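Please read the structure below before turning to the comments.
Numbering (this note's numbering), first residue to last: 1 to 694.
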């Protein structure tokens, strides 16, 4: 609306007018204040600066927040005062001009309903009004100089339409201790210290102190319950403890759960006590909401970190029992007073697998309660949770709730958690516990799958090795076998000692390329073909040739290295050894009198070429002499970039001259394993043949 429509305007030649359009932006109130400040300076009206800036901020902020359209700011100053009009372009009904005078009565209900920002306008403005136009709505206020002659009182019709009906401008303000503009500005601009560790107590105390001094209250207190189990705490206090009677002003804080609180003020009835208490409570509530959101964000970040750490710990264990024992340790005491993990057996019954309590002395009582049966027992509730695959509350004496353990569609059992001593689980904690249950169930299932794979691998590996080595007079046999570090994987290394039809013994050690079930299948094939062919009396070169043909025809990219040694008695207590190497490392000949050398002639690995060459080497073994066979898991054992190697193996064998086959094999195994702290990357097989004749 234009300035001519407002009462109280004077000589137009002395006017200072500014008219700008500003966007609906958070910076608009600051721009509006700058405009008002410049006009006041031009008109020499600095005495109105505090009131004018405060009311301009309220009207422009209210328009930005609620209209969300561009704003027209019109500022008109003359010799007697200042008029500011804030207009928006929000659609609304057309209404007549509404004009009112400053209100000092106790009739403040309508003010609270319209918005407590109007309370400031009504308090400080000489008069103010609202107009509705087809293009939007405008709110204006007039501030007169303190030495100016007050304008005539508006007509009775205008008063009847005033939003704040009441007394004349110079009513009961002095009697009621009406606050000054400086005090109101200080109250509205008070903020917590951004650098303090916990600024809210000091801020709340300062806020209730200023509020009490403004309205003449004898005391005031702000109470807050953060919903963290600590109960209601005093956040700020002023003066004496508020009296518990009907005159006490109580204003609830506008905060969201789990926060709850109120402001109490021991103040005499006045026109501004309760509205100002509402203003102070709203300002405090804003900062409390920020505190709640900040704490919730920190808490959720902590929960995410906890879940990540829990997942990492659970993933590190592939042992079923260890995994289940770890779960209660993760939950107690952070997420509950006690925790119990039950698993489902093959008949569908729940079995207690692991438990924990914040107070270890209560564990026997917890176990007793968990074992009780009956329709209202904890066991019955756990069965319900497992059967329904949903969360089920637990009653006394072990209050809490149970969640099912489900992984890949399989019901594995339940996770029961007891509530904290001082508070119940909030929604965030419940969500975290459900997430822990999902991760725990997956970890248990992974551990079970790994255990089954390990059992299958061990069974398959054992089937590829002889259960015991034969006991032969005058000949010592000993073997050591170390599977790869992944005990759920089947290796391709094998050894065997087979009797020959002519009375000799055949020592076999081999290595099939690769690992896993396919390598194990080739290993079993090689072992069985050798046994069948030598059992038919075939010579060793023919055995190797036919085995090579079989592997080539089979294909699949698998090949095999072999060392075959036919050993039988010779003259003068010696043993005669016919050694055939098919791509395998040469064995170490350990003399009984000392010294170790490599013997044999290399040949072609099996399964690569259509024809092979496997020269025969005849080696006499005197009493105390030994042949040491091994696979590449020994020589290729790593320590960083360094390999154990064949030379180190020979040097390690040399001091073992004169020892039995068992001791020699065990010592070499220990030396190879001790070479590196890492688990073996490949299978280790050592086979010792010794002449035990005396």
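The C-beta atom is built at its ideal place from N, Cα and C for all residues, glycine as well. Quantities reported herein were computed from a predicted structural model and do not represent experimental measurements.
**Request:** Please specify which runs of the alpha helix (DSSP H), each continuous and at least 4 residues long, are wholly inside the region 613-691, giving them in chain order.
**Result:** The alpha helix (DSSP H) runs of length 4 or more contained entirely in the region 613-691 are, from start to end of the chain, 632-635, 645-653, 661-674.
**Request:** Could you name the residues of the same chain whose beta carbon sits closer than 7 angstroms to that of residue 86, not counting the 5 residues immediately before and after it, in chain order?
**Result:** Counting from one through the chain shown, the residue named residue 86 turns up at place 86. Hits under 7 angstroms: 59, 60, 63, 71, 73, 138, 139.
**Other residues of its chain near residue 218: CB distance less than 6 angstroms, five sequence neighbours each side excluded** = One-based indexing of the chain shown puts residue 218 at position 218. 239, 240, 266, listed in sequence order.
**Asked** residue 483 and residue 662 look like a contact to me (Cβ under 8 angstroms); what is the Cβ gap, rounded to whole Å?
**Response** Counting from one through the chain shown, the residue named residue 483 turns up at place 483. Counting from one through the chain shown, the residue named residue 662 turns up at place 662. With 8 angstroms as the limit, residue 483 and residue 662 do not qualify as a contact, their Cβ atoms being about 20 angstroms apart.
**Request:** Would you decide whether residue 290 is buried or exposed? Buried here means 16 or more other CB atoms lie within 10 Å of its CB.
**Result:** Sequence index remark: in the chain shown, residue 290 carries index 290 (1-based). So residue 290 counts as exposed.
**Item:** residue 85 - partner residues in DSSP beta bridges
**Value:** As a position in the chain shown, residue 85 is number 85, starting the count at 1. DSSP output for residue 85 lists 74, 140 as bridge partner(s).
**Item:** Cβ pair count under 8 angstroms reaching 3, the region 277-297 against the region 324-341
**Value:** Pairwise C-beta distances place the region 277-297 out of contact with the region 324-341, as fewer than three of them are shorter than 8 angstroms.
**Asked** Between the Cα of residue 462 and the Cα atoms of 222, 133, 496, 446, which residue gives the shortest distance?
**Response** Within the chain shown, numbered from 1, the residue matching residue 462 stands at position 462. Comparing C-alpha distances from residue 462 to each of 222, 133, 496, 446 shows the shortest one belongs to 496.
**Message:** Contact defined as beta carbons within less than 8 angstroms: I believe residue 225 pairs with residue 260. What is the distance between those atoms, to the nearest angstrom?
**Reply:** Stepping through the chain shown from its first residue, residue 225 is reached at position 225. Stepping through the chain shown from its first residue, residue 260 is reached at position 260. At roughly 5 angstroms, the Cβ-Cβ gap stays under 8 angstroms, so residue 225 and residue 260 are in contact.
**Asked** DSSP state of residue 593, grouped into three classes?
**Response** Position 593 of the chain shown, counted from the start, is the residue given in the question as residue 593. Residue 593: coil per DSSP, three-state reduction.
**Request:** Within the same chain, show all residues whose beta-carbon is closer than 6 angstroms to that of residue 691, passing over the 5 residues directly before and after it, in chain order.
**Result:** Reading the chain shown from its first residue, position 691 is the one you call residue 691. Same-chain partners within the cutoff: 575, 621, 623, 625.
**Prompt:** Around the Cβ of residue 415, are there at least 16 other Cβ atoms within 10 angstroms (buried) or fewer (exposed)?
**Reply:** Mapped onto the chain shown, residue 415 falls at position 415. Residue 415 is classed as buried because its beta carbon has at least 16 other beta carbons within 10 Å across all chains shown.
**Asked** With distances taken from CA atoms, which of 275, 311, 301, 252 is nearest residue 288?
**Response** The sequence position of residue 288 within the chain shown is 288, counting from 1. Residue nearest to residue 288 within the set 275, 311, 301, 252 is 252 (criterion: CA-CA distance).
**Asked** residue 380 to residue 339, Cα distance in whole Å?
**Response** Your numbering for residue 380 matches position 380 in the chain shown. Your numbering for residue 339 matches position 339 in the chain shown. Straight-line Cα distance between these residues: approximately 17 angstroms.
**Asked** Which of helix, strand or coil does DSSP assign to residue 197?
**Response** Translated into positions along the chain shown, residue 197 becomes position 197. Reduced to three states, the DSSP call for residue 197 is coil.
**Request:** Assign residue 464 to one of two classes, buried (16 or more other C-beta atoms within 10 Å of its C-beta) or exposed (fewer than that).
**Result:** Here residue 464 refers to the residue found at position 464 when the chain shown is read from its first residue. Classification for residue 464: buried.
**Prompt:** So which of 526, 221, 541, 641 has the shortest CA-CA distance to residue 603?
**Reply:** Locating residue 603 in the chain shown gives position 603, counting from the first residue. Nearest of 526, 221, 541, 641 to residue 603, Cα basis: 541.
**Request:** For residue 687, count neighbouring C-beta atoms within 10 Å of its own C-beta (all shown protein chains included) and say buried if the count is 16 or more, exposed if not.
**Result:** For the purposes of this step, residue 687 is taken as residue 687 along the chain shown, with counting starting at 1. Per the 10 Å Cβ criterion, buried.
**Asked** Does the distance from the C-beta atom of residue 685 to that of residue 631 stay below 9 angstroms?
**Response** Mapped onto the chain shown, residue 685 falls at position 685. Mapped onto the chain shown, residue 631 falls at position 631. Contact check for residue 685 against residue 631 passes: the beta carbons are separated by less than 9 angstroms.
**Message:** So, does the region 423-434 touch the region 406-414, judging by three or more C-beta pairs under 8 angstroms?
**Reply:** Contact between the region 423-434 and the region 406-414 is absent, because fewer than three Cβ pairs lie under 8 angstroms.
**Request:** For residue 20, name the three-state secondary structure that DSSP assigns.
**Result:** The count along the chain shown starts at 1 and reaches residue 20 at position 20. Residue state, collapsed to three classes: strand.
**Prompt:** Is it the case that the Cβ atoms of residue 731 and residue 480 are separated by a distance below 9 angstroms?
**Reply:** Residue numbering for the chain in the displayed model covers 1 to 694; residue 731 lies beyond these limits and cannot be assessed.
**Prompt:** For the beta strand (DSSP E) that contains residue 262, what are its first and last residues?
**Reply:** Here residue 262 refers to the residue found at position 262 of the chain shown. Residue 262 -> beta strand (DSSP E) spans 260-266.
**Prompt:** CA-CA distance, residue 311 and residue 357?
**Reply:** On the chain shown, residue 311 is found 311 positions in, with the first residue counted as 1. On the chain shown, residue 357 is found 357 positions in, with the first residue counted as 1. Cα-Cα distance, rounded: 21 angstroms.
**Message:** DSSP three-state label for residue 693, please.
**Reply:** By 1-based counting over the chain shown, the position of residue 693 is 693. Residue state, collapsed to three classes: coil.
**Asked** Cβ of residue 554 within 9 angstroms of Cβ of residue 522?
**Response** Along the chain shown, one-based indexing puts residue 554 at 554. Along the chain shown, one-based indexing puts residue 522 at 522. One thing to note: residue 554 has its Cβ within 9 angstroms of the Cβ of residue 522.
**Prompt:** For residue 186, which residues of its own chain have a beta-carbon under 8 angstroms away from its beta-carbon, when the five flanking residues on both sides are left out?
**Reply:** If you number the chain shown from 1, residue 186 lands on position 186. Around residue 186: 210.
**Under 9 angstroms between C-beta atoms of residue 501 and residue 537** = Within the chain shown, residue 501 is the residue found at index 501, counting from 1. Within the chain shown, residue 537 is the residue found at index 537, counting from 1. Using a Cβ distance threshold of 9 angstroms, residue 501 and residue 537 count as a contacting pair.
**Request:** Can you give me the start and stop residues for the alpha helix (DSSP H) that residue 44 sits inside?
**Result:** As a first step, residue 44 is located in the chain shown; it is residue number 44 there, counting from the start. For residue 44, there is no enclosing alpha helix (DSSP H), as DSSP marks it with neither H nor E.
**Asked** Straight-line CA distance for residue 35 to residue 125?
**Response** The count along the chain shown starts at 1 and reaches residue 35 at position 35. The count along the chain shown starts at 1 and reaches residue 125 at position 125. Inter-residue distance for residue 35 and residue 125 is about 18 angstroms (C-alpha atoms, whole angstroms).
**Request:** Can you have a look at residue 212 and say buried or exposed, based on whether 16 or more other CB atoms are within 10 angstroms of its CB?
**Result:** Taking the chain shown and counting its residues from 1, the one referred to as residue 212 is at position 212. When all chains shown are included, residue 212 counts as buried.
**Message:** According to DSSP, residue 225 sits in a beta bridge with which residue or residues?
**Reply:** The residue labelled residue 225 in the question sits at position 225 within the chain shown. Assignment of beta-bridge partners to residue 225 by DSSP yields 260.
**Asked** By Cβ distance, which residues of its chain are closer than 8 angstroms to residue 48, with the 5 residues on each side in sequence left out?
**Response** Against the chain shown, residue 48 aligns to sequence position 48. Cβ neighbours of residue 48 beyond the five flanking positions: 40, 81, 82, 143, 145.
**Message:** Please classify residue 337 as buried or exposed, where buried requires at least 16 neighbouring CB atoms within 10 angstroms.
**Reply:** On the chain shown, residue 337 is found 337 positions in, with the first residue counted as 1. Looking at its Cβ environment, which holds 16 or more other Cβ atoms inside 10 Å, residue 337 is buried.
**Message:** Helix, strand or coil for residue 541? Go by DSSP, reduced to three states.
**Reply:** Numbered from its first residue, the chain shown carries residue 541 at position 541. Helix.
**Message:** Please report the straight-line C-alpha distance between residue 673 and residue 679, rounded to a whole angstrom.
**Reply:** In the chain shown, the residue the question calls residue 673 occupies position 673. In the chain shown, the residue the question calls residue 679 occupies position 679. So the alpha carbons of these two residues sit roughly 8 angstroms apart.
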